[in-house]
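> Each residue of the sequence shown is one higher than the one before, starting from 25 at the first, in this note's numbering.
Backbone N, C-alpha and C fix where the C-beta goes; we use that ideal spot for every residue, glycine too.
My structure is below; once you've seen it, I'll send some questions.
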Amino acid sequence: MIRIGKISYWHVHAWDYTKQAQEHPDAEIVAVWDENPERGQEAAAKQGATFYASLDEMLARDDIDAVIVDAPTRMHREVMLKAAAAGKHIFTEKVLAPTLHEVNEILGAVEEHQVKLTVSLPRLNDGYTLAIRDILDQELLGKVTLVRVRLSHNGATAGWLPEHFYSLEDCLGGALIDLGCHPMYLTRLFLNQEAVDVSAQFGYVTGKEVEDNAVATLSTATGAVGIVEAGFVNNFSPFCIEVHGTDGTLLYGTPDEKLLIRTSRKDEYKDEWAELPVPAARESAFHQWIGHIQNDTLATENIAHAVELTKLMEAANQSAREHRAVRVDELKA
Numbered sequence: 025m026i027r028i029g030k031i032s033y034w035h036v037h038a039w040d041y042t043k044q045a046q047e048h049p050d051a052e053i054v055a056v057w058d059e060n061p062e063r064g065q066e067a068a069a070k071q072g073a074t075f076y077a078s079l080d081e082m083l084a085r086d087d088i089d090a091v092i093v094d095a096p097t098r099m100h101r102e103v104m105l106k107a108a109a110a111g112k113h114i115f116t117e118k119v120l121a122p123t124l125h126e127v128n129e130i131l132g133a134v135e136e137h138q139v140k141l142t143v144s145l146p147r148l149n150d151g152y153t154l155a156i157r158d159i160l161d162q163e164l165l166g167k168v169t170l171v172r173v174r175l176s177h178n179g180a181t182a183g184w185l186p187e188h189f190y191s192l193e194d195c196l197g198g199a200l201i202d203l204g205c206h207p208m209y210l211t212r213l214f215l216n217q218e219a220v221d222v223s224a225q226f227g228y229v230t231g232k233e234v235e236d237n238a239v240a241t242l243s244t245a246t247g248a249v250g251i252v253e254a255g256f257v258n259n260f261s262p263f264c265i266e267v268h269g270t271d272g273t274l275l276y277g278t279p280d281e282k283l284l285i286r287t288s289r290k291d292e293y294k295d296e297w298a299e300l301p302v303p304a305a306r307e308s309a310f311h312q313w314i315g316h317i318q319n320d321t322l323a324t325e326n327i328a329h330a331v332e333l334t335k336l337m338e339a340a341n342q343s344a345r346e347h348r349a350v351r352v353d354e355l356k357a
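Quick look at the structure:
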């Protein structure tokens, strides 16, 4: 049994990961720390777990093997460095950290103390992602020229998103660094190459101190372009993916949850749009993390995607602040 200490219930997905831990036959949450003591005490009481007012005290417990991090983004570096130093395996909400420099500090501590790290990037494991990767591996679209991924909801306009998600101090951004993480790592994945530079435009429809409407574009050395869209201000905007190549196009979610292809590289897909089967999702990032702990393996691909995500987010935030394209190689390592 892997005994887990829960670091904060700040994030909206904190209870989702709690549920995954509760349902996993080899995991158990036994302790809770929260920067908001009242919230932490309530969460601990609901689970019959021990609440700690001191994170150091919780991490000092020899019978705690691992932690789930759902603290504010600004605290990720602090709590993960402490957890790694205490020898605790780490599962964390995205982003791993808001800057590349902080990510590298965390990775250094993880390696030094030989703990297993996995970042929640859930859409990497969804069936449509697996299907699209397979099509791209077969090069059925030719050379990829443009990827566009959009994800937006009405959290700000309908008022259901927690107020603290609009705190620039805690979140270090708004719609892009929160919801936009998913289209960002998917866009990077489907481009299958590093971005040279990033340009971002932020909108403030509801007047929050963080953006609630955002677009980022990624340029690459081959000329392929990535378009990342995210927002908190749309009622009926479908999650959608477009991958265009020199010989064909893939569409998903425009608006139905169907994967469509048309390409001149295969006769049955040449004259009209064809629907492709979408396989079942593979196991969740949380389940993968438990497996890495049990099998003494590393989440190599997951961590690589998490590092790239932070690079692109840091560059996008800098671009929006400075009103210019930001080269990824400008970022402080």
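1) Would you decide whether D158 is buried or exposed? Buried here means 16 or more other CB atoms lie within 10 Å of its CB.
2) Can you check DSSP and say which residues form a bridge with L275?
3) With the cut-off set at 8 Å, would you say M18 and I130 are in Cβ contact?
4) As a quick exercise: from L284, I114, A182 and L105, pick the residue whose alpha carbon is nearest that of I327.
5) One question on the structure: do G227 and A240 come within less than 8 Å of each other, judged by their Cβ atoms?
6) Check R172 in the structure and name its three-state DSSP category.
7) If you draw a straight line from the alpha carbon of V143 to that of S308, how long is it in whole angstroms?
8) What's the gap between the Cα of A180 and the Cα of H188?
9) Runs of 4 residues minimum, wholly inside the segment 280 to 347: which ones carry the alpha helix (DSSP H) assignment?
10) Closest to L120 by CA distance: which of E354, L333 and A344 is it?
11) Can you list, in chain order, the residues of its chain with a C-beta nearer than 6 Å to that of K282? Leave out the 5 residues immediately preceding and following it.
12) Quick one: give me the first and last residue of the beta strand (DSSP E) that H113 is part of.
13) I need the boundaries of the alpha helix (DSSP H) containing L160, first residue and last residue.
14) Residues in its own chain within less than 7 Å of T246 by CB, not counting five upstream and five downstream?
15) With a 10 Å radius around its C-beta and 16 neighbouring C-beta atoms as the bar for buried, classify N319 as buried or exposed.
16) Who does S223 pair with in a DSSP beta bridge?
17) Taking the alpha carbon of Y41 as the reference point, which residue from A95, F260 and K294 has its own alpha carbon closest?
18) What's the gap between the Cα of E235 and the Cα of A199?
19) Could you compute how far the alpha carbon of I285 sits from the alpha carbon of D150?
20) Could you check what DSSP says for V91 in three-state terms: helix, strand or coil?
21) Figure out for me which residue from L165, P49 and V103 has the closest Cα to the Cα of K30.
22) Just the Cα atoms here: how many angstroms apart are L196 and K167?
23) So, using beta-carbon positions, are L210 and A330 closer together than 8 Å?
24) In the structure shown, what three-state DSSP assignment does T142 receive?
25) Helix, strand or coil for I201, going by three-state DSSP, please let me know.
26) With a CB to CB cut of under 7 Å and the five nearest residues on each side skipped, what residues in its chain are close to V350?
Reading it off the structure:
1) Taking the sequence shown and counting its residues from 1, one reaches residue 158 at position 134. Around the C-beta of D158, fewer than 16 other C-beta atoms lie within 10 Å, and the residue is accordingly described as exposed.
2) Numbered from its first residue, the sequence shown carries residue 275 at position 251. Bridge partners of L275: E266 and L284.
3) In this structure the chain extends from 25 to 357, so residue 18 is not present and cannot be described.
4) Numbered from 1 along the sequence shown, position 303 holds the residue referred to as residue 327. When each option's Cα is compared against that of I327, the closest is I114.
5) Sequence index remark: in the sequence shown, residue 227 carries index 203 (1-based). Sequence index remark: in the sequence shown, residue 240 carries index 216 (1-based). Contact flag unset, no.
6) Position 148 of the sequence shown, counted from the first residue, corresponds to residue 172. In the three-state reduction of the DSSP assignment, R172 falls in the strand class.
7) Here residue 143 refers to the residue found at position 119 of the sequence shown. Here residue 308 refers to the residue found at position 284 of the sequence shown. Those two C-alpha atoms are separated by around 11 Å.
8) Numbered from its first residue, the sequence shown carries residue 180 at position 156. Numbered from its first residue, the sequence shown carries residue 188 at position 164. Each residue's Cα considered, the two are about 12 Å apart.
9) Along the segment 280 to 347, the alpha helix (DSSP H) occurs as fully enclosed runs of 4 or more residues at 309 to 319 and 324 to 346, listed in sequence order.
10) Position 96 of the sequence shown, counting from 1, holds the residue named residue 120. Of the listed residues, the one whose Cα sits closest to L120 is L333.
11) The residue you call residue 282 lines up with position 258 of the sequence shown. Cβ neighbours of K282 beyond the five flanking positions: E299.
12) Counting from 1 along the sequence shown, the entry for residue 113 is found at position 89. That run of the beta strand (DSSP E) goes H113 to E117.
13) Residue 160 sits at position 136 when you count from the first residue of the sequence shown. In the DSSP assignment, L160 falls within the unbroken alpha helix (DSSP H) covering G151 to D161.
14) Your numbering for residue 246 matches position 222 in the sequence shown. The beta carbon of T246 is closer than 7 Å to those of Q217 in its chain, skipping five residues each way along the sequence.
15) For this step, residue 319 is matched to residue 295 along the sequence shown. Under this definition N319 is an exposed residue.
16) Reading the sequence shown from its first residue, position 199 is the one you call residue 223. Paired residue(s): T241.
17) What you label residue 41 is simply residue 17 of the sequence shown in a count that begins at 1. With distances taken between Cα atoms, Y41 lies closest to A95.
18) What you label residue 235 is simply residue 211 of the sequence shown in a count that begins at 1. What you label residue 199 is simply residue 175 of the sequence shown in a count that begins at 1. In this structure, the CA atom of E235 is about 6 Å from the CA atom of A199.
19) Counting from one through the sequence shown, the residue named residue 285 turns up at place 261. Counting from one through the sequence shown, the residue named residue 150 turns up at place 126. Here the alpha carbon of I285 sits roughly 18 Å from the alpha carbon of D150.
20) Along the sequence shown, one-based indexing puts residue 91 at 67. Secondary structure at V91: strand, using DSSP grouped into helix, strand and coil.
21) The sequence position of residue 30 within the sequence shown is 6, counting from 1. Of the candidates L165, P49 and V103, V103 places its Cα closest to the Cα of K30.
22) The residue you call residue 196 lines up with position 172 of the sequence shown. The residue you call residue 167 lines up with position 143 of the sequence shown. Answer to the nearest angstrom: the Cα atoms are 36 Å apart.
23) Counted from its first residue, the sequence shown places residue 210 at position 186. Counted from its first residue, the sequence shown places residue 330 at position 306. When the beta-carbon positions are compared, L210 and A330 stay at least 8 Å from each other.
24) For the purposes of this step, residue 142 is identified with residue 118 of the sequence shown, where counting begins at 1. Three-state DSSP puts T142 in a strand.
25) The residue given as residue 201 occupies position 177 in the sequence shown. If DSSP states are grouped into helix, strand and coil, I201 belongs with coil.
26) As a working mapping, residue 350 is identified with position 326 in the sequence shown. Excluding positions up to five away in sequence, the list reads D221, V222, A339, Q342 and S343.
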